[in-house]
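Colleague: My structure is below; once you've seen it, I'll send some questions.
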Amino acid sequence: MAMADTRKTALHLVVLVVAMFGFGFLLVPFYSVLCNLTKQNVLDGPDEIRASSQVDMTRTVTVEFDTNLRRLPWEFRALQPSVQVHPGQLTQVVFEVSNEKNRAVSGQAIPSYGPAYVGQFFKKVECFCFSRQTLGPRETRQMPVVFVLDPAIPKDVKTITLSYTFFEVEGNDPRQGQSDARSGA
Amino acid sequence: MEAVHAGAHGHDHGHHPTGLMRWITTTNHKDIGTMYLWFSFTMFMVGGAMAMVIRAELFEPGLQIVSPEFFNQMITLHALIMVFGAIMPAFVGFANWMIPLQIGASDMAFARMNNWSFWILPVAGSMLILSLFVPGGAAGTGWTMYPPLSIQMGMGMDFAIFGLHLLGMSSIMGSINIITTILNLRAPGMSLMRMPLFCWTWLITAYLLLAVMPVLAGAITMLLTDRHFGTSFFNAAGGGDPVMFQHIFWFFGHPEVYIIALPAFGVISQVIPAFSRKHIFGYASMVYAIAAIALISFFVWAHHMFTTGIPLTGQLYFMYATMLIAVPTGVKVFNWTATMWKGALSFETPMLFAIGFLFLFTLGGFSGLVCAITAIDIQLQDTYYVVAHFHYVMVAGALFSAYAGAYYWLPKWTGHMYNETLGKLHFWLTLIFFNMTFFVQHFLGLAGMPRRVPDYALQFAEFNKISSIGSFGLGISQLLFLYIVIKTIKGGPKAGDKPWDGAEGLEWTVPSPAPHHTFEDPPVIK
Numbered sequence: 000m001a002m003a004d005t006r007k008t009a010l011h012l013v014v015l016v017v018a019m020f021g022f023g024f025l026l027v028p029f030y031s032v033l034c035n036l037t038k039q040n041v042l043d044g045p046d047e048i049r050a051s052s053q054v055d056m057t058r059t060v061t062v063e064f065d066t067n068l069r070r071l072p073w074e075f076r077a078l079q080p081s082v083q084v085h086p087g088q089l090t091q092v093v094f095e096v097s098n099e100k101n102r103a104v105s106g107q108a109i110p111s112y113g114p115a116y117v118g119q120f121f122k123k124v125e126c127f128c129f130s131r132q133t134l135g136p137r138e139t140r141q142m143p144v145v146f147v148l149d150p151a152i153p154k155d156v157k158t159i160t161l162s163y164t165f166f167e168v169e170g171n172d173p174r175q176g177q178s179d180a181r182s183g184a
Numbered sequence: 000m001e002a003v004h005a006g007a008h009g010h011d012h013g014h015h016p017t018g019l020m021r022w023i024t025t026t027n028h029k030d031i032g033t034m035y036l037w038f039s040f041t042m043f044m045v046g047g048a049m050a051m052v053i054r055a056e057l058f059e060p061g062l063q064i065v066s067p068e069f070f071n072q073m074i075t076l077h078a079l080i081m082v083f084g085a086i087m088p089a090f091v092g093f094a095n096w097m098i099p100l101q102i103g104a105s106d107m108a109f110a111r112m113n114n115w116s117f118w119i120l121p122v123a124g125s126m127l128i129l130s131l132f133v134p135g136g137a138a139g140t141g142w143t144m145y146p147p148l149s150i151q152m153g154m155g156m157d158f159a160i161f162g163l164h165l166l167g168m169s170s171i172m173g174s175i176n177i178i179t180t181i182l183n184l185r186a187p188g189m190s191l192m193r194m195p196l197f198c199w200t201w202l203i204t205a206y207l208l209l210a211v212m213p214v215l216a217g218a219i220t221m222l223l224t225d226r227h228f229g230t231s232f233f234n235a236a237g238g239g240d241p242v243m244f245q246h247i248f249w250f251f252g253h254p255e256v257y258i259i260a261l262p263a264f265g266v267i268s269q270v271i272p273a274f275s276r277k278h279i280f281g282y283a284s285m286v287y288a289i290a291a292i293a294l295i296s297f298f299v300w301a302h303h304m305f306t307t308g309i310p311l312t313g314q315l316y317f318m319y320a321t322m323l324i325a326v327p328t329g330v331k332v333f334n335w336t337a338t339m340w341k342g343a344l345s346f347e348t349p350m351l352f353a354i355g356f357l358f359l360f361t362l363g364g365f366s367g368l369v370c371a372i373t374a375i376d377i378q379l380q381d382t383y384y385v386v387a388h389f390h391y392v393m394v395a396g397a398l399f400s401a402y403a404g405a406y407y408w409l410p411k412w413t414g415h416m417y418n419e420t421l422g423k424l425h426f427w428l429t430l431i432f433f434n435m436t437f438f439v440q441h442f443l444g445l446a447g448m449p450r451r452v453p454d455y456a457l458q459f460a461e462f463n464k465i466s467s468i469g470s471f472g473l474g475i476s477q478l479l480f481l482y483i484v485i486k487t488i489k490g491g492p493k494a495g496d497k498p499w500d501g502a503e504g505l506e507w508t509v510p511s512p513a514p515h516h517t518f519e520d521p522p523v524i525k
């Protein structure tokens with residue numbers, strides 16, 4: 000009797016352990032849903048710009064561009080290595096990707112900023128990183144990024160690096176049509 | 000020769016091997032408890048030696064003794080070994096020894112698994128230590144193993160990950176054993192609400208372990224697959240999020256704090272009534288406070304992450320939730336104090352350590368409340384203030400409590416009384432050097448000295464020198480404890496069944512030293 004009880008208790012506890020191991024992995028999708036709901040760390044959508052913001056002609060900030068690929072058979076470069084902008088001034092730059100393989104490959108770009116805290120002042124209106132990009136065999140595509148620097152950006156920021164990394168995404172993108180339309184290839 | 004000996008006495012002792020094989024094959028809870036305690040002390044010495052390296056490097060500004068890379072490996076291994084190799088096994092050792100004795104059970108529920116959960120530990124400990132000798136050295140990420148650094152580290156990181164997997168398995172098996180023992184093997188009449196508080200703290204701690212150890216296992220498994228199998232859970236360049244690791248890690252990490260603290264509370268709840276010669280004040284509220292602390296500990300993790308950019312409402316929630324933990328903890332401190340109130344106090348070594356715990360743990364709790372205030376924490380994050388805070392709760396909390404328990408139960412384990420004068424000397428040396436080491440670190444942190452850096456600005460030189468001298472004293476004083484224990488094992492005044500006149504509990508009804516088998520017939524509890 001006692002032995003049967005201990006086995007039953009132990010079995011319950013083992014189930015708890017297995018469930019909690021699964022829970023650890025469930026936190027991954029849970030956080031992505033939570034972040035989307037609360038609009039935290041959303042990297043794949045246009046930023047809101049304040050309508051009242053004026054161009055600050057007294058300051059010039061250099062924006063440098065950096066491009067990286069992670070396990071992707073593409074070429075990826077910015078058509079201009081850097082631009083000089085005034086805070087508040089709408090600016091368009093162009094990036095170029097080309098697929099070196101004879102098959103269609105999908106990739107997603109992710110932006111990052113140096114120094115990291117300027118990310119909150121770097122407002123992107125249009126970006127190829129808002130959606131997945133699918134390149135046909137040997138296709139080359141030019142993609143614009145339209146951005147504006149928030150004039151509230153700290154005065155000591157003279158140079159910003161915007162870095163993109165493209166990584167491969169498996170499978171078909173449900174938003175593929177939208178993606179092609181937006182990137183305007 | 001040994002075999003003959005075992006055969007000759009086999010009938011008396013129930014056919015157990017002797018010599019080394021006795022310890023390797025034992026399923027006896029007392030043997031296993033003893034091994035846990037020795038393993039824990041060995042790891043305490045190893046982790047302590049690493050702390051000495053850290054403090055020697057910080058003795059003066061500039062880089063003198065070790066390279067910055069090795070310094071980072073030392074701080075990482077010091078923390079991992081102290082937390083997982085020293086403190087946790089020490090309290091599991093207490094649990095193995097004392098829980099069956101306190102609830103009137105003849106052994107743990109799964110004696111063979113108990114053996115297995117112990118023998119995993121030396122393997123895991125060796126992996127952590129061996130990682131120092133692989134190319135690239137041990138993990139140098141700090142014990143929190145934050146990516147992206149932990150994804151880029153060399154194979155020492157893999158050793159740490161596998162070591163932690165093993166330590167986690169050991170903890171999980173130990174916890175299943177403890178819960179099953181407490182729920183099913185209590186002597187007739189020993190209802191849950193009549194159990195000694197040490198058993199209560201362990202029952203709840205074991206549930207905490209089962210809930211969060213698998214989550215840590217999941218997090219470090221994700222690190223491992225990010226490192227070697229092309230996944231991108233935490234790699235931003237592959238669509239992952241490094242901050243998510245911090246969320247998952249601290250979902251484990253914060254309850255882990257209470258996994259260490261609760262059994263320490265349990266020991267203190269045994270020692271203070273014994274030397275106050277009164278029953279514990281507010282037994283039921285103690286039980287509810289333990290449960291409340293354990294429950295709230297699941298909902299405060301992001302107070303470790305105030306600087307990661309979580310939204311203001313999140314910061315406020317985690318700030319208030321963290322402060323809420325002070326309420327049940329305050330209940331416990333109040334009850335311990337009230338137990339001593341108008342008691343017939345005497346100040347033997349266990350009581351000294353318990354009172355030291357009470358003062359210093361509460362101080363560590365207060366600095367924790369300071370850190371809980373978001374606006375202040377953003378200033379104090381990753382400074383020596385945090386180092387001072389958690390050493391007040393880990394060393395003056397958990398370690399002082401482990402010493403209190405060790406001196407309290409040493410007569411029951413060995414059958415001899417320890418040398419009281421040496422015990423008191425050990426206490427006072429530990430108390431003074433502990434405060435010398437860590438109190439000044441509050442000032443260093445408030446002045447802005449960052450943690451995990453082997454060099455510092457000249458303005459911090461004096462306090463660091465004081466702290467380093469204190470730490471050397473603290474380290475050497477612990478050898479005195481080893482001497483006292485060995486001396487007590489070898490001989491000393493005979494201990495009676497109940498050497499402390501105010502002590503309560505079934506463990507004092509069996510002879511000292513406790514015989515190999517106890518309570519084969521359940522005791523009668525009135």
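Heads up: the sequence lines are chains A and B, in that order. For the first sequence, position 83 matches number 82 in numbering that gives the first Met the number 0, and the numbering has no gaps at all. For the second sequence, position 227 matches number 226 in numbering that gives the first Met the number 0, and the numbering has no gaps at all. Glycine included, every Cβ here is placed at the ideal spot set by N, Cα and C.
(1) Which residues, in order along the region 93-106 of chain A, keep a beta-carbon less than 9 Å from a beta-carbon of chain B?
(2) Just how far apart, CA to CA, sit B/T143 and B/I219?
(3) Using beta carbons (cut-off 9 Å, strictly below), is A/A9 in contact with chain B?
(4) So, B/V266 versus B/F93, is the Cβ gap smaller than 9 Å?
(5) How far does the beta strand (DSSP E) with A/Q141 in it reach, from first residue to last?
(6) In the region 209-237 of chain B, which residues sit with their C-beta less than 9 Å from some C-beta in chain A, listed in chain order?
(7) Identify the contact partners of A/N35 in chain B, using a Cβ-Cβ distance below 7 Å as the criterion.
(8) Counting only C-beta atoms, is A/R76 closer than 9 Å to chain B at any point?
(9) Which residue wins for smallest C-alpha separation from A/L148, given the options A/Q119, A/K100, A/Q39 and A/L33?
(10) Does the beta carbon of B/I178 sit closer than 9 Å to a beta carbon anywhere in chain A?
(11) For B/P310, which residues in chain A fall below 8 Å Cβ to Cβ?
(12) Which partner residues of A/R76 appear in the DSSP bridge assignment?
(13) Closer than 7 Å by C-beta to B/A290: which residues in its own chain qualify, once you throw out the five before and the five after it? Chain order, please.
(14) Return the Cβ separation of B/R185 and B/A110 in integer angstroms, given the expectation that the two are a contact with Cβ distance under 8 Å.
(15) Can you tell me whether DSSP reads B/R111 as helix, strand or coil?
(16) If contact means a Cβ-Cβ distance below 8 Å, which residues of the region 91-123 of chain B contact chain A?
(17) Beta carbon of B/A395, beta carbon of B/F442: below 9 Å?
(18) Quick check: the Cα distance between A/A77 and B/L76, rounded to an integer number of angstroms?
(19) Measuring alpha carbon to alpha carbon, tell me which of B/S190, B/P187 and B/I178 ends up nearest B/T200.
(20) Report the partner residues of A/D65 according to the DSSP bridge assignment.
(21) With C-beta atoms as the reference, is B/G217 less than 9 Å away from A/G21?
(22) Among B/N418, B/Y257, B/T26 and B/L428, whose alpha-carbon lies nearest the alpha-carbon of B/N95?
(23) So which residues of chain B does A/V193 contact, with C-beta pairs closer than 8 Å?
(24) Do we get a CB-CB distance below 9 Å when we pair A/Y30 with the residues of chain B?
(25) Measure how close the beta-carbons of B/M112 and B/N176 come, nearest whole angstrom, since I'm counting them as under 8 Å.
(26) Determine the direct distance from the alpha carbon of B/A123 to that of B/L163, and round the result to whole angstroms.
(27) Using a Cβ-Cβ cutoff of less than 7 Å, which residues in the same chain neighbour B/F117 once the five nearest sequence positions on both sides are dropped?
(28) According to DSSP, simplified to helix, strand and coil, what is A/I152?
(29) Which same chain residues, not among the five before or five after B/L428, have their C-beta less than 6 Å away from its C-beta?
(30) Kindly indicate which residue of B/L261, B/L127, B/D500 and B/M154 has the alpha-carbon position closest to the one of B/F197.
(31) Taking the C-alpha atoms as reference points, what is the distance between A/V168 and A/E138?
(32) Confirm, please, whether the CB-CB distance from A/Y30 to B/H253 is below 9 Å.
(33) Tell me which residues share the same chain as A/C126 and place their Cβ nearer than 7 Å to its Cβ, disregarding the 5 neighbours each side in the sequence.
(34) If we ignore side chains and look at the alpha-carbon of each, how far apart do B/G6 and B/R21 end up?
(35) Any contact of the region 395-409 of chain B with the region 368-386 of chain B, i.e. 3+ C-beta pairs under 8 Å?
(36) Taking all protein chains shown into account, do 16 or more other C-beta atoms lie within 10 angstroms of the C-beta of A/Y116, making it buried, or fewer, making it exposed?
Modeller: Taking the coordinates as given:
(1) none
(2) The residue labelled residue 143 of chain B in the question sits at position 144 within the second sequence. The residue labelled residue 219 of chain B in the question sits at position 220 within the second sequence. Cα to Cα, B/T143 sits roughly 10 Å from B/I219.
(3) Residue 9 of chain A sits at position 10 when you count from the first residue of the first sequence. Answer yes: the Cβ-Cβ gap between A/A9 and chain B drops below 9 Å somewhere.
(4) Stepping through the second sequence from its first residue, residue 266 of chain B is reached at position 267. Stepping through the second sequence from its first residue, residue 93 of chain B is reached at position 94. It is a contact, given that the beta carbons lie within the stated cut-off.
(5) Translated into positions along the first sequence, residue 141 of chain A becomes position 142. According to the DSSP assignment, A/Q141 belongs to the beta strand (DSSP E) that extends over T139 to L148.
(6) Going along the region 209-237 of chain B in chain order, one finds L209, A210, V211, M212, P213, V214, L215, A216, G217, A218, T220, M221, G229, S231, F232, N234, A235, A236 and G237 with a Cβ nearer than 9 Å to chain A.
(7) Start at 1 with the first residue of the first sequence, and residue 35 of chain A comes out as number 36. Under the 7 Å cutoff, chain B gives no residues; its nearest Cβ is about 12 Å from A/N35.
(8) Taking the first sequence and counting its residues from 1, one reaches residue 76 of chain A at position 77. With 9 Å as the cut-off, A/R76 does not count as an interface residue toward chain B.
(9) The count along the first sequence starts at 1 and reaches residue 148 of chain A at position 149. Among A/Q119, A/K100, A/Q39 and A/L33, the Cα nearest to that of A/L148 belongs to A/Q119.
(10) Translated into positions along the second sequence, residue 178 of chain B becomes position 179. Chain A, which has a Cβ nearer than 9 Å to the Cβ of B/I178, makes this yes.
(11) Looking up residue 310 of chain B in the second sequence gives position 311. Those are T37 and Q39, listed as they occur along chain A.
(12) Counted from its first residue, the first sequence places residue 76 of chain A at position 77. A/R76 is bridged by DSSP to A/E95.
(13) Looking up residue 290 of chain B in the second sequence gives position 291. Once the five neighbours on either side are set aside, the close Cβ partners of B/A290 are I203.
(14) Here residue 185 of chain B refers to the residue found at position 186 of the second sequence. Here residue 110 of chain B refers to the residue found at position 111 of the second sequence. Not quite, the Cβ-Cβ distance comes to about 17 Å (not below 8 Å), so this is no contact.
(15) As a position in the second sequence, residue 111 of chain B is number 112, starting the count at 1. The answer is helix: DSSP assigns B/R111 an H, G or I state.
(16) A108 and F109
(17) Indexing the second sequence from 1 puts residue 395 of chain B at position 396. Indexing the second sequence from 1 puts residue 442 of chain B at position 443. Not closer than 9 Å, so no.
(18) As a working mapping, residue 77 of chain A is identified with position 78 in the first sequence. As a working mapping, residue 76 of chain B is identified with position 77 in the second sequence. Cα-Cα distance, rounded: 44 Å.
(19) As a first step, residue 200 of chain B is located in the second sequence; it is residue number 201 there, counting from the start. Among B/S190, B/P187 and B/I178, the Cα nearest to that of B/T200 belongs to B/I178.
(20) Here residue 65 of chain A refers to the residue found at position 66 when the first sequence is read from its first residue. Answer is A/S162.
(21) For this step, residue 217 of chain B is matched to residue 218 along the second sequence. For this step, residue 21 of chain A is matched to residue 22 along the first sequence. In this structure, A/G21 lies closer than 9 Å to B/G217 by Cβ.
(22) Counting from one through the second sequence, the residue named residue 95 of chain B turns up at place 96. When only C-alpha atoms are compared, the closest one is B/T26.
(23) The requested residue 193 of chain A is not part of the displayed model; chain A covers only 0 to 184.
(24) Here residue 30 of chain A is taken as the residue at index 31 of the first sequence, counted from 1. At least one chain B Cβ lies under 9 Å of A/Y30.
(25) What you label residue 112 of chain B is simply residue 113 of the second sequence in a count that begins at 1. What you label residue 176 of chain B is simply residue 177 of the second sequence in a count that begins at 1. With a Cβ gap of about 6 Å, B/M112 and B/N176 count as contacting.
(26) Here the question's residue 163 of chain B lines up with position 164 in the second sequence. Here the question's residue 123 of chain B lines up with position 124 in the second sequence. If I take the Cα positions, the gap works out to 7 Å.
(27) Along the second sequence, read from residue 1 onward, the residue named residue 117 of chain B stands at position 118. Around B/F117: I31, M34 and Y35.
(28) Start at 1 with the first residue of the first sequence, and residue 152 of chain A comes out as number 153. If DSSP states are grouped into helix, strand and coil, A/I152 belongs with coil.
(29) On the second sequence, position 429 is the one that residue 428 of chain B refers to. These residues qualify, in order along the chain: S476.
(30) If you number the second sequence from 1, residue 197 of chain B lands on position 198. Ranking B/L261, B/L127, B/D500 and B/M154 by Cα distance to B/F197 puts B/L261 first.
(31) Counted from its first residue, the first sequence places residue 168 of chain A at position 169. Counted from its first residue, the first sequence places residue 138 of chain A at position 139. Taking the straight line joining both Cα atoms gives about 17 Å.
(32) In the second sequence, counting from the first residue as 1, residue 253 of chain B sits at position 254. In the first sequence, counting from the first residue as 1, residue 30 of chain A sits at position 31. It is not a contact, given that the beta carbons lie outside the stated cut-off.
(33) Position 127 of the first sequence, counted from the first residue, corresponds to residue 126 of chain A. Cβ neighbours of A/C126 beyond the five flanking positions: V144.
(34) For the purposes of this step, residue 6 of chain B is taken as the residue at position 7 of the second sequence. For the purposes of this step, residue 21 of chain B is taken as the residue at position 22 of the second sequence. Because the pLDDT of B/G6 is 38, which lies under 50, any placement of that residue in the model is unreliable, and the number read from its coordinates should be weighed accordingly. Taking the straight line from one Cα to the other gives about 13 Å.
(35) no
(36) The sequence position of residue 116 of chain A within the first sequence is 117, counting from 1. A/Y116 should be labelled exposed.
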